[in-house]
Amino acid sequence: MEANQSVTFYDFLDRMRNPASLDLVRSIKSFIVSFSFYPANPENDGKKVQEFFLTMETAIRDHPLWAGATDEEIDSAMEGLEKYVMTKLFSRTFASLPEDVKFDREISEKICLLQAFLRPEHLDIPVALQNETSWLLAEKELQKINAFKAPREKLLCIINCCKVINNLLLNASMSGNHVPGGADDFLPVIIYVTIKANPPQLHSNLKFIQLYRRQAKLISEAAYYLTNVVSAKSFIVDLNAKSLSIEEIEFEESMQAARLANKATLVENPPTTFNTEVFRTDPGPSKFLDEKETKLKGGSKYPYMDAEAGELTVGDVEKLLSLYKDVVTRYTTLCSKVRHLSISKTDCPATSEGTSSLATELEETCLDANGKKE
Amino acid sequence: MGCGSSRLDRTSGRLNGLNNSENASAHDAKNLRVKLVLLGDSGVGKSCIVLRFVRGQFDPTSKVTVGASFLSQTIALQDSTTVKFEIWDTAGQERYAALAPLYYRGAGVAVIVYDITSPESFTKAQYWVKELQKHGSPDIVMALVGNKADLHEKREVPAQDGIDYAEKNGMFFIETSAKTADNINELFEEIAKRLPRPSQVQPSQPAS
Chain B
1 MEANQSVTFY DFLDRMRNPA SLDLVRSIKS FIVSFSFYPA NPENDGKKVQ
51 EFFLTMETAI RDHPLWAGAT DEEIDSAMEG LEKYVMTKLF SRTFASLPED
101 VKFDREISEK ICLLQAFLRP EHLDIPVALQ NETSWLLAEK ELQKINAFKA
151 PREKLLCIIN CCKVINNLLL NASMSGNHVP GGADDFLPVI IYVTIKANPP
201 QLHSNLKFIQ LYRRQAKLIS EAAYYLTNVV SAKSFIVDLN AKSLSIEEIE
251 FEESMQAARL ANKATLVENP PTTFNTEVFR TDPGPSKFLD EKETKLKGGS
301 KYPYMDAEAG ELTVGDVEKL LSLYKDVVTR YTTLCSKVRH LSISKTDCPA
351 TSEGTSSLAT ELEETCLDAN GKKE
Chain S
1 MGCGSSRLDR TSGRLNGLNN SENASAHDAK NLRVKLVLLG DSGVGKSCIV
51 LRFVRGQFDP TSKVTVGASF LSQTIALQDS TTVKFEIWDT AGQERYAALA
101 PLYYRGAGVA VIVYDITSPE SFTKAQYWVK ELQKHGSPDI VMALVGNKAD
151 LHEKREVPAQ DGIDYAEKNG MFFIETSAKT ADNINELFEE IAKRLPRPSQ
201 VQPSQPAS
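Chains B and S, in that order, give the protein sequences.
In terms of UniProt numbering, the first sequence opens at residue 1 and continues consecutively.
In terms of UniProt numbering, the second sequence opens at residue 1 and continues consecutively.
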């Protein structure tokens with residue numbers, strides 16, 4: 001929304017450095033410290049934070065440093081405060097319960113299966129709205145969500161994604177070959193895009209925004225877009241054959257095939273909690289890994305994916321070598337399997353198409369991992 | 001009417017932080033903001049009604065296209081109050097029915113639309129009325145709208161059925177045509193009048 005948001009954030013920090021704001025700084029610090037006394041309790045924590053924002057808004061309004069400030073200036077101070085507080089409390093408030101972490105993983109895994117076979121027709125998305133370029137743009141916006149810690153910025157990723165889709169609907173209706181369908185068009189597209197994007201820690205991100213974005217800002221268009229992504233998540237969680245335009249048998253078979261294909265990449269090492277740990281403590285710089293993970297099922301197995309050469313130590317060599325061997329072995333096996341598959345394609349036309357495209361995807365995945373590994 | 005809408009948008013968009021998002025309608029007695037949710041089968045013309053309402057302020061022949069599923073529009077009433085409608089469209093396809101509560105939560109107004117040429121859509125509208133009576137906020141203002149009133153010769157739901165059903169359920173009823181714009185403004189004006197006011201309007205009459 002506001003391009004100069006980082007400027008206003010530094011402005012906020014500047015004002016906080018002013019000796020006159022010592023009382024405000026004290027309240028903020030003691031509020032943040034108060035969080036370390038109790039175990040995480042999202043609902044309560046959310047309430048506490050929201051109340052704190054309201055108290056601080058009054059304090060800032062009445063503060064000499066903001067004497068005569070306009071509502072906009074107060075608002076940007078509040079944005080600065082939200083960003084500061086939530087960045088400090090991030091590890092304590094984001095995906096803080098084991099059940100949230102688990103839910104995130106389950107959703108991500110289900111999406112991964114769906115990605116293997118879901119097509120726009122399964123959601124009856126009209127051809128006029130099938131635009132890979134727009135969808136990809138929208139997906140990218142959603143995938144950025146873990147690059148930010150502040151609720152406002154996370155919400156912005158969602159808003160941007162929805163705006164891309166809105167533009168797509170707008171263009172489709174202006175081109176005259178599509179009667180605007182409002183939400184009838186919008187929701188299926190946002191669901192499809194969410195599945196394609198498989199945004200990292202979807203559940204925790206949505207929950208975090210709902211609890212910690214200033215309530216005064218969770219209204220109107222922003223609230224509508226957030227609700228749509230919350231809907232998309234809820235639809236995906238409950239999704240079964242009946243939710244889609246697909247035969248039940250085809251759905252079950254496709255899910256099963258996707259499960260097998262995923263298992264193939266996950267056999268030896270069971271998935272570790274490595275990813276979650278990384279995201280939880282520091283989601284900012286791990287953006288690269290997040291994007292990787294959406295494409296790369298089992299990315300958790302390759303912990304060096306976002307490592308820089310400078311960070312590696314001699315001790316890592318052994319692990320790296322074994323990972324390298326592992327990847328090469330898999331890739332070679334896979335390639336020979338793929339060749340078999342394409343031969344058997346002619347024998348079994350009913351299912352081979354789905355499987356072989358899956359295999360190709362797997363092959364690409366491995367190539368990708370291989371390439372990055374050197 | 002509506003000339004000052006952009007200015008109004010800004011004042012009502014800037015919140016004093018005291019209302020939470022659960023509030024169905026907000027702010028000072030003169031400038032209301034209300035969340036309106038649209039429910040009804042897909043294809044009954046929910047979004048066309050909104051487009052007509054929002055676009056009506058512009059040149060109706062222009063190709064200004066608002067394809068969005070969220071729109072807001074401010075109207076001025078005769079008592080010099082303004083109402084800003086924040087209109088939340090919902091997907092009407094059956095497979096998304098279970099998601100509706102996420103949308104109507106906190107709504108001050110629900111507009112339930114059916115198509116007068118489709119008895120199934122009227123049945124569906126009744127389903128939504130019941131659902132809102134059970135799970136909507138208790139003081140939600142509900143309107144039942146029979147759309148596509150221009151298609152008389154294909155009518156399958158008699159106007160009287162709509163009137164009777166609405167009366168029985170204490171709702172406002174109107175038949176509209178998004179195509180001819182018939183009754184579109186009336187629908188929103190009537191809703192605006194029925195909104196509960198946060199407090200009494202001050203007696204002083206500012207010059208408009």
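Beta carbons are placed, not taken as given, at the ideal position from N, Cα and C, and that holds for glycine.
- Tryptophan 88 of chain S has a beta carbon lying within less than 8 Å of a beta carbon in chain B.
- According to DSSP, lysine 84 of chain S shares a beta bridge with S/Arg33 and S/Thr74.
- Around the beta carbon of histidine 135 of chain S, fewer than 16 other beta carbons sit within 10 angstroms, so the residue counts as exposed.
- Here the alpha carbon of aspartate 139 of chain S sits roughly 31 Å from the alpha carbon of lysine 179 of chain S.
- CA-to-CA, the gap between asparagine 131 of chain B and leucine 168 of chain B works out to about 8 Å.
- Counting along the chain, the unbroken beta strand (DSSP E) around aspartate 115 of chain S starts and ends at 109–115.
- The beta-carbon separation of glutamate 82 of chain B and proline 151 of chain B, rounded to 6 Å, stays under the 8 Å limit for a contact.
- Assignment of asparagine 44 of chain B by DSSP, reduced to helix, strand and coil, places it in the helix class.
- By the Cβ rule, the stretch 148–167 of chain B does not count as touching the stretch 43–58 of chain S, because fewer than three pairs are nearer than 8 Å.
- When the beta-carbon positions are compared, isoleucine 125 of chain B and tyrosine 225 of chain B stay at least 8 Å from each other.
- Beyond the five residues adjoining it in sequence on each side, isoleucine 190 of chain B comes within less than 7 Å, by CB distance, of Cys162, Ile165, Asn228, Val229 and Ala232 in the same chain, given in chain order.
- According to the DSSP assignment, alanine 257 of chain B belongs to no beta strand (DSSP E) but to the alpha helix (DSSP H) extending over 248–266.
- Close partners of valine 230 of chain B in chain S (Cβ separation under 7 Å): Leu102.
- In the DSSP assignment, the residues bridged to aspartate 89 of chain S are S/Leu38.
- The beta carbons of lysine 148 of chain S and isoleucine 116 of chain S sit closer together than 8 Å.
- The Cβ neighbour count for valine 314 of chain B, taken over all protein chains shown within 10 Å, is under 16; the residue is labelled exposed.
- For glutamate 221 of chain B, a Cβ of chain S is located within less than 8 Å of the residue's own Cβ.
- Counted as a single uninterrupted DSSP element, the beta strand (DSSP E) harbouring glycine 146 of chain S occupies residues 141–147.
- When only Cα atoms are considered, cysteine 112 of chain B and cysteine 157 of chain B end up about 21 Å apart.
- Residues of chain S whose Cβ lies closer than 9 Å to the Cβ of asparagine 166 of chain B are, in chain order, Gly67, Ala68, Ser69 and Phe70.
- For aspartate 150 of chain S, the three-state secondary structure derived from DSSP is coil.
- For aspartate 182 of chain S, the pairing in a beta bridge is given by DSSP as S/Ser177.
- Residues of chain S whose Cβ lies closer than 7 Å to the Cβ of alanine 150 of chain B do not exist, since the nearest Cβ in that chain is about 18 Å away.
- The residues Ala20, in chain order, have a CB closer than 8 Å to that of proline 64 of chain B in the same chain once the five nearest residues on each side in sequence are set aside.
- If you check the CB distance, alanine 91 of chain S and leucine 39 of chain S do not come in under 8 Å.
- Contact check between the stretch 29–46 of chain S and the stretch 158–165 of chain S: fewer than three CB pairs, one atom from each, fall below 8 Å, which does not count as touching.
- With fewer than 16 neighbouring CB atoms inside 10 Å of its own CB, isoleucine 249 of chain B falls in the exposed class.
- For glycine 92 of chain S, at least one C-beta of chain B is nearer than 8 Å to its own C-beta.
- Using beta-carbon distances, arginine 197 of chain S does not count as an interface residue toward chain B, since no partner is under 8 Å.
- Selection B/Ser220, B/Thr87, B/Ile195 and B/Ser204 evaluated against phenylalanine 103 of chain B yields B/Ser204 as nearest (Cα-Cα).
- Taking the CA atoms as reference points, proline 180 of chain B sits about 24 Å from threonine 123 of chain S.
- Contacts between serine 42 of chain S and chain B, judged by CB atoms closer than 8 Å, involve Gly181 and Asp184 in chain order.
- Leaving aside the five residues that flank alanine 159 of chain S on each side, the residues in its chain whose CB is nearer than 8 Å to its CB run, in chain order, Ile116, Gly146 and Glu175.
- For phenylalanine 148 of chain B, the number of other beta carbons within 10 angstroms of its own is at least 16, and it is reported as buried.
- In the three-state DSSP reduction, phenylalanine 148 of chain B falls in the coil class, being neither helix nor strand.
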